[in-house]
Amino acid sequence: MIMKKISILGSTGSIGTQTLQVCRDLNIEVVALSAGRNIDILERQIREFNVPVASVYDEVAAETLRERLNGFPCAVYSGDEGNCIVASAPEASIVVTAMMGMIGLRPTLAAIDAGKDIALANKETLVCAGQIVMPATKKKGVSILPVDSEHSAIFQCLQGAAGNSINKILLTASGGPFFGMKSEALKKVTLKDALNHPNWSMGSKITIDSATLMNKGLEWMEAKWLFDVSDDQIEVVVHRESIVHSAVEFADHSVIAQMGVPSMYLPIKYALTYPARVQSGDFSLSLIGKTLHFEQADEETFRCLKLAKQASRAGGLYPTVLNGANEQAVALFLDDKIGFTEIADLVEKALMNVPAGDAEKLDDVLRADQIAREQVRMDYKKGAV
Ligand code: MG
8 MIMKKISILG STGSIGTQTL QVCRDLNIEV VALSAGRNID ILERQIREFN VPVASVYDEV
68 AAETLRERLN GFPCAVYSGD EGNCIVASAP EASIVVTAMM GMIGLRPTLA AIDAGKDIAL
128 ANKETLVCAG QIVMPATKKK GVSILPVDSE HSAIFQCLQG AAGNSINKIL LTASGGPFFG
188 MKSEALKKVT LKDALNHPNW SMGSKITIDS ATLMNKGLEW MEAKWLFDVS DDQIEVVVHR
248 ESIVHSAVEF ADHSVIAQMG VPSMYLPIKY ALTYPARVQS GDFSLSLIGK TLHFEQADEE
308 TFRCLKLAKQ ASRAGGLYPT VLNGANEQAV ALFLDDKIGF TEIADLVEKA LMNVPAGDAE
368 KLDDVLRADQ IAREQVRMDY KKGAV
């Protein structure tokens, strides 16, 4: 296996810290790191991995980190520019995009522009700007290696496809903590309930997205871009056990699925070592005594999935509006300002009220994202939900 040098955007979050665990286990060199504002963790990471370049999004926190690192050979940058510097660090051959949300778009484009392969954990980037990102990767000849467990699974299933095209993607969903509940019960769930995911340990934003099933909607669009399929070629399958991580059906109706224990460590490692498979840690799956269930998703109750599928079919800036509105609504929910079912209400209102045109230009995408967030803040203040 050729040892890659990596750069991580969002190194202090859930995916970031697990990526560094892979680096620790496999002796992968880390050449640049970025974080939002968690400089305590970032400082420890910089010192442990002897990282020469870092960035903190928050300018004040960046200055504090510079003071703390006094004498340690690490250049600290800040803001969007800092993220882009980390993304295009000359020594890096692969960039892990593990930051949360639309904020990952510019640095991802900077990394592609600098010719880096992308280990993609930031699905919002493809949801909002797949039409810009995918042609850019082709132009630069760089690969996108999916880190999202479902997309890693699909990617792995396709390794044996010998060029045969996909008939259908079976995108699995755990169903989240509220599976089986109806709307009335959902109105009463709390933030603490929503943060308590049955199978996966993840950051707070994606944990809420998993509870609303918005995460599956975003993954639907991520799959469309990554695997070049249409909306008609994707089916969401609720699979409570999270052992099958997704599957691909081919023209002859043969289905290849990928299985494993539910740990993000495995898809992260595969993205970093691809095409090699490297042993580390004890993640062996025992199927003896296990029962696997597959069911339909309840889109009437979990409306975010339905809204996301509608936005996906409508195309243009609709996915950006959906995503921006969702990021803002989830932030309000995490602040305990709105109820759980109001996330879908606010996203739906934004989709109805924000004009969504064509999404070919980056500026239009960024503007639609801002307007969608503003619309949600306005609707919240008006008490429209
Ligand atoms: Mg996923």
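Numbering (this note's numbering), first residue to last: 8 to 392. The beta-carbon is built from N, C-alpha and C at its ideal position, and this holds for glycine as well.
Cα-Cα separation between residue i and residue j, rounded to whole angstroms
i	j	result
G78	E55	15 Å
S237	V134	14 Å
L233	E349	31 Å
A118	M188	42 Å
L27	K146	30 Å
D124	H158	16 Å
A379	M106	20 Å
P326	S319	6 Å
G86	I295	50 Å
V328	L112	15 Å
E88	S270	32 Å
G43	K297	40 Å
D235	T24	30 Å
S366	S293	The residue asked about is misnamed: residue 366 is Ala in this sequence, not Ser. Each residue's Cα considered, the two are about 46 Å apart.
L33	V285	9 Å
T71	A96	22 Å
D65	L299	45 Å
G322	G364	9 Å
Y277	F340	34 Å
D371	D289	46 Å
M266	E229	20 Å
K389	K195	22 Å
K231	P80	42 Å
Distance CB(residue i)-CB(residue j) smaller than 9 Å
i	j	result
V268	S291	yes
P114	N90	yes
V63	I46	yes
R247	P205	yes
P153	P274	yes
K223	A180	yes
V361	M221	no
A201	F347	yes
N333	D155	no
Q303	V244	yes
E256	I161	no
A68	Y84	no
T136	G17	Before going further, note that residue 136 is Ala rather than Thr in the sequence given. Going by C-beta atoms, A136 is not nearer than 9 Å to G17.
L225	N57	no
For residue j and residue i, believed in contact at Cβ under 8 Å, the rounded distance
i	j	result
L373	I139	In fact, because the Cβ distance is near 11 Å, the residues do not count as touching under 8 Å.
K12	V29	Not really, about 14 Å apart at Cβ, beyond 8 Å.
S14	S208	With 8 Å as the limit, S14 and S208 do not qualify as a contact, their Cβ atoms being about 24 Å apart.
L177	S249	Not really, about 14 Å apart at Cβ, beyond 8 Å.
V93	A126	About 14 Å; that fails the 8 Å criterion.
I345	A351	11 Å between Cβ atoms; not a contact.
T197	C311	Actually they do not touch by this definition, with Cβ atoms about 18 Å apart.
G108	V149	The Cβ separation is near 22 Å, so there is no contact.
R75	E98	Not a contact, Cβ separation roughly 24 Å.
K313	E242	Wrong, their Cβ atoms sit about 14 Å apart, outside the cutoff.
I35	L279	6 Å
Among the options, nearest to residue i - alpha-carbon criterion
i	options	result
A315	I275, L339, G346, A357	A357
D376	R284, L324, A336, D342	L324
Q163	S95, I263, N203, G86	I263
E131	E70, V67, A169, W227	W227
G170	E307, D386, A258	A258
T144	I101, G182, F186	I101
N203	F186, S190, D289	F186
K199	Q52, D342, E36, A61	D342
H260	Y272, Q240, M266	Q240
A338	F301, E307, Y387	Y387
A61	M359, A192, S41	S41
E306	G182, A192, K195	G182
Contact with chain B by residue i, beta-carbon distance below 9 Å
i	result
N206	The structure shown contains no chain B, having only a single protein chain.
Fill in: Around the ligand MG, Cβ to any heavy atom closer than 6 Å, ordered along the chain
Residues with a Cβ closer than 6 Å to any heavy atom of the ligand MG, in chain order: D155, S156, E157, E226.
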